[in-house]
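Down below is the structure, laid out as structure tokens.
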Amino acid sequence: MRRILSPCPRPETGWTRRCGPRHAPGVTAAAPARPRPLRPDDADAVLALLTARDVAVLGRADTSAQDVRVDLADPDLDPRSCVVEGEGRLEGMARVWFDAATGHADVDVAVHPDAPQGLLAALLAHVDEVARDGGGARGCAEMVLDHHAYEADRPLQDALRAAGYEPATSFSRMRRELDRPVERVRPEGVVVRRAQDPPTDEELRLAHALHQASFADHFGFAPRSYEDWRAAWQARDDRGPVWFAQVDGRDAGFLQETEELVEELDAGYVLRLGVLRAARGRGVARALLTESFRGMQRRGRVAAVLHVDVANSTGALALYESVGMRPVLSVQAWRRVLAVPGRAPDRAPDRAPDRAPDLSEAGSRVQP
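Shown next, in the form of structure tokens:
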């Protein structure tokens, strides 16, 4: 999924959950890896790969089947995303999500803890190739690639640095237990309402407009049309409630929830929370959050979770702590600016490649 690790929210922006790989320097002997395009029916194998990665890095699973389903259904997922097959399992995976027609992409490379040496570097090189082609198709002189890694995953961070990525910012996963009543926050002049279920087209257009305006100046944001934004939202099968806030009768903010953590943690997840600049400082974000938490509690969730950019200049971390949330996991965002040489083709690739990426330089397995 595109949490964190889909792109983590703060009062004016969000972030998606793409967390990356761990590369083991010593591995056991096995059959050679076989690369091919990623397919929708790979969901179970992808989950097994990411779970193995999670356990190696965190000591526990941090990816659910729902995460995988959402990621594979995302219309932004490039068809040249690939997996590498080994003996009865996936050895690695490289995924690229282009943000509509912009020069930005979220990327995720994951390898099994016992993957062949060199596979991680080969997959990162494949990501570069896909990004260059996609950037050329979009008429971009350069592509901005964002990859996320658990703070505890030093091998991945070393590999990203070696591949030309640089640290960009850090995110914290925040959690609040819902075992006690949530006190409603309703500042003067602030009115919060829940959208219809499902939201009307008018409500989705309002959420899109508020998202584009409130997220515009934050890390990883790329503008997109209403049609693309709606398609991405409706492609999810874990959509949750949408909330709106007004200040003195004017639209001021919104909050989108998903159910992506119900299977994994029995928790509600705040995917996006945005407040317009003119309305900040009026308590809008706290009002939206507490109404969202109260709704989660009524639906039987045991906790509320979101992600926040710790470098956010609007005081997001302090805001979330003020409503009872505490950091439980740290994630590092890495960024690479990739030059796109040559003349662009007319359009981006719209199908999987006829051949899998050349990963022949990934190396063979060796004994530790």
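In terms of full-length UniProt numbering, the sequence shown has 104 at position 104, counting the first letter as 1, and numbering is strictly consecutive. Beta carbons: idealized from backbone N, C-alpha and C, even for Gly.
The ligand ZN heavy atom lying under 7 Å from the CB of residue i
i, result
"A245", "By its list of ligands, the structure shown contains no ligand whatsoever, and the ligand ZN lies outside what it can speak to."
Start and end residues, beta strand (DSSP E) containing residue i
i, result
"D106", "104-111"
Cβ distance (whole Å) where residue i is taken to contact residue j below 8 Å
i, j, result
"A105", "L145", "6 Å"
"L317", "V308", "6 Å"
"A94", "L72", "No, A94 and L72 are not in contact; Cβ-Cβ is about 14 Å, not under 8 Å."
"T258", "G240", "5 Å"
"V182", "T290", "6 Å"
"Q332", "H148", "7 Å"
"P187", "A287", "6 Å"
"D78", "R224", "Going by Cβ atoms, the distance from D78 to R224 rounds to 16 Å, so no, they are not a contact pair."
"E166", "R335", "6 Å"
"V55", "A48", "Not confirmed; about 11 Å, so no contact."
"D67", "A232", "Not confirmed; about 16 Å, so no contact."
"A285", "R175", "17 Å between Cβ atoms; not a contact."
"H112", "A159", "Between A159 and H112 the Cβ distance is about 14 Å, and since that is not below 8 Å, they are no contact."
"L261", "R272", "So it is not a contact: roughly 15 Å between Cβ atoms."
"W97", "D74", "6 Å"
"L210", "L276", "7 Å"
"R136", "G103", "According to the sequence as given, residue 136 is Gly; it is not Arg. Wrong, their Cβ atoms sit about 11 Å apart, outside the cutoff."
"G274", "F215", "6 Å"
N- and C-terminal bounds of the alpha helix (DSSP H) containing residue i
i, result
"A65", "65-73"
"R53", "43-58"
Residue i in three-state terms, based on DSSP
i, result
"L90", "strand"
"L38", "coil"
"R80", "coil"
"P116", "coil"
Which listed residue (the options) has its alpha carbon closest to that of residue i
i, options, result
"E321", "A216, E177, Q212", "E177"
"G253", "D158, R230, D228, L206", "L206"
"D128", "D114, C82, R193, R154", "C82"
"A115", "R138, T102, E85", "E85"
"residue 395", "V107, F244, A333, L273", "This structure does not reach residue 395, given that the chain is present from 1 up to 368, and the question cannot be answered."
"V310", "A213, S330, G295", "S330"
"D251", "L261, E260, A213", "A213"
"S172", "P327, R39, A339", "P327"
"D63", "Q157, H126, W243, E264", "Note on identity: in this sequence residue 63 is Thr, with Asp being the wrong assignment. Taking only the C-alpha atoms, the option nearest T63 is E264."
"R236", "D41, A43, R69, R39", "R69"
"A121", "R132, G134, P155", "P155"
"A168", "V96, P199, G220, D41", "G220"
"V337", "E142, S292, T200", "E142"
"R39", "L90, G249, W243", "L90"
"L58", "E87, W97, R34, Y150", "Y150"
"G92", "G135, R34, C140", "R34"
"L306", "G300, R298, F293, R299", "F293"
"D248", "A222, A278, G274", "A278"
"W243", "T200, R193, W229, G274", "R193"
"V270", "Q196, Q246, R280, G295", "G295"
"L50", "E227, A125, D41, A65", "A65"
"Q246", "A339, G189, D179", "G189"
"V340", "Q297, R138, A222", "R138"
"D201", "V185, F215, Q234", "Q234"
"R184", "R230, G342, Q297, P199", "Q297"
"P199", "R230, A216, D179", "R230"
"R299", "G315, H208, D179", "D179"
"G342", "H208, C140, A222, S170", "C140"
Q. Fully enclosed by the stretch 119-206, which alpha helix (DSSP H) runs are 4 residues long or longer?
A. Counting only runs of 4 or more, we get 119-137, 154-162.
Q. Which runs of the alpha helix (DSSP H), 4 residues or longer, sit entirely within the UniProt domain "N-acetyltransferase" (190-347)?
A. 201-214, 226-234, 262-265, 284-298, 316-322
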